[in-house]
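Residue numbers (this note's numbering): 574 to 771.
All C-beta atoms in this analysis are idealised placements derived from N, C-alpha and C, irrespective of residue type, glycine included.
See below for the structure under consideration.
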Amino acid sequence: MSNKISSRLNILYVIGVSLLLVGCGGTNKLQIQEMLVNLSSSITPFWRLVTGASYLFGLVFVFRGIFMLKVYGEGRTMMSGQANLKGALICLLVGAVLLFSQSMYDTLLFSTFSATSTSPLQYDTNSTLSIDAYFSLLRFISLIGLISFIRGWVMLTHLSNPGQQSSFGKALTHIIGGLLAINIQGTINVVQGTLGMS
Numbered sequence: 574m575s576n577k578i579s580s581r582l583n584i585l586y587v588i589g590v591s592l593l594l595v596g597c598g599g600t601n602k603l604q605i606q607e608m609l610v611n612l613s614s615s616i617t618p619f620w621r622l623v624t625g626a627s628y629l630f631g632l633v634f635v636f637r638g639i640f641m642l643k644v645y646g647e648g649r650t651m652m653s654g655q656a657n658l659k660g661a662l663i664c665l666l667v668g669a670v671l672l673f674s675q676s677m678y679d680t681l682l683f684s685t686f687s688a689t690s691t692s693p694l695q696y697d698t699n700s701t702l703s704i705d706a707y708f709s710l711l712r713f714i715s716l717i718g719l720i721s722f723i724r725g726w727v728m729l730t731h732l733s734n735p736g737q738q739s740s741f742g743k744a745l746t747h748i749i750g751g752l753l754a755i756n757i758q759g760t761i762n763v764v765q766g767t768l769g770m771s
């Protein structure tokens with residue numbers, strides 16, 4: 574027990590010393606704007622990774638739904654009262670949505686904002702950040718929105734399992750919040766227009 578505590582204290586000590594030495598590197602210090610621009614250059618591969626994971630989750634949920642339908646059919650032939658069709662249908666629906674996630678959120682964005690894409694070229698640049706840093710920040714928020722959108726659909730599959738902590742409200746919040754974050758500039762414009770801000 575004391576070995577665990579001492580090893581954790583050693584780790585905290587090393588982290589603390591490292592944090593104290595952060596500013597000692599040289600005269601060229603990165604500012605937050607430069608850090609955002611550097612981070613933005615690696616967002617496109619992450620976007621593709623998340624979209625690929627969405628396709629993989631979609632396939633898994635479709636196969637899981639088909640397997641649950643098989644179990645349901647066998648349970649019905651045995652006159653079992655424990656057969657449940659809700660879980661299979663939810664898995665099939667979520668699997669289909671995740672397989673077509675690209676066209677799904679494009680359609681939802683068009684329905685919500687009348688926008689066909691979330692290109693940074695459409696973004697308004699009235700901000701105190703530099704234009705590159707502003708675009709980078711918006712792209713990062715869009716990536717977080719994509720992850721939240723997909724997570725919301727995955728949370729829907731947990732509704733059929735008793736004892737799971739997910740709820741329909743949480744899943745719907747992730748889906749809608751993710752959609753709003755994917756088109757963050759449109760969301761900002763809607764909020765500003767609603768509140769009468771310039």
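Open item on the list: Let me check understanding here. Comparing Cα to Cα, which of Trp726, Ala754, Leu753 and Ile755 lies closest to Phe741?
Closed with: By 1-based counting over the sequence shown, the position of residue 741 is 168. When only C-alpha atoms are compared, the closest one is Trp726.
Item checked: 8 Å contact criterion, which Leu671 and Ser627 should meet: CB distance rounded -> One-based indexing of the sequence shown puts residue 671 at position 98. One-based indexing of the sequence shown puts residue 627 at position 54. Indeed they touch by this definition, with Cβ atoms about 5 Å apart.
Q: State buried or exposed for Tyr645, treating a residue as buried only when at least 16 other CB atoms are found within 10 Å of its CB.
A: One-based indexing of the sequence shown puts residue 645 at position 72. Buried, since its Cβ has 16 or more Cβ neighbours within 10 Å.
Checklist line | Enclosing alpha helix (DSSP H) for His747 [first to last residue] | finding: Residue numbering aside, residue 747 sits at position 174 when the sequence shown is read from its first letter. Segment Phe741 to Ile755, the alpha helix (DSSP H) holding His747.
Considering just the uninterrupted stretch of the alpha helix (DSSP H) at Gln606, what are its terminal residues? Translated into positions along the sequence shown, residue 606 becomes position 33. Counting along the chain, the alpha helix (DSSP H) containing Gln606 begins and ends at Ile605 to Ser613.
*Compare the beta carbon distance of Ser613 and Phe708 with 8 Å and say whether it is the shorter of the two.*
Counting from one through the sequence shown, the residue named residue 613 turns up at place 40. Counting from one through the sequence shown, the residue named residue 708 turns up at place 135. Their beta carbons are under 8 Å apart, which means Ser613 touches Phe708 by this criterion.
### Query
What do you get for Tyr678, buried or exposed, if any count of 16 or more other CB atoms within 10 angstroms of its CB means buried?
Translated into the one-based positions of the sequence shown, residue 678 becomes position 105. Burial call: buried.
| task | Drop a sphere of 10 angstroms on the beta-carbon of Val610, count the other beta-carbons inside from all chains shown, and report buried for 16 or more, exposed for fewer. | result | Within the sequence shown, residue 610 is the residue found at index 37, counting from 1. Val610 comes out buried.
Exercise. Going by the beta-carbon positions, is the gap between Leu778 and Phe619 smaller than 8 Å?
Worked result: The chain is shown from 574 up to 771; residue 778 falls before or after that span and cannot be answered.
Between Asn657 and the rest of its own chain, which residues show a CB-CB distance below 6 Å, the 5 nearest in sequence each way excluded? Indexing the sequence shown from 1 puts residue 657 at position 84. So no residue of the chain qualifies.
Three-state secondary structure assigned by DSSP to Phe708 = For the purposes of this step, residue 708 is taken as residue 135 along the sequence shown, with counting starting at 1. In the three-state DSSP reduction, Phe708 falls in the helix class (H, G or I).
Review point. Does the separation of the CB atoms of Gly660 and Val635 fall below 8 Å?
Key: One-based indexing of the sequence shown puts residue 660 at position 87. One-based indexing of the sequence shown puts residue 635 at position 62. No, the pair does not count as a contact, with Cβ atoms beyond the cut-off.
In its own chain, which residues sit with a C-beta less than 6 Å from the C-beta of Arg724, not counting the 5 before and 5 after it?
In the sequence shown, residue 724 corresponds to position 151, counting from 1. Counting only residues of its own chain and dropping the five nearest sequence neighbours on each side, Arg724 has a CB closer than 6 Å to the CB of His747.
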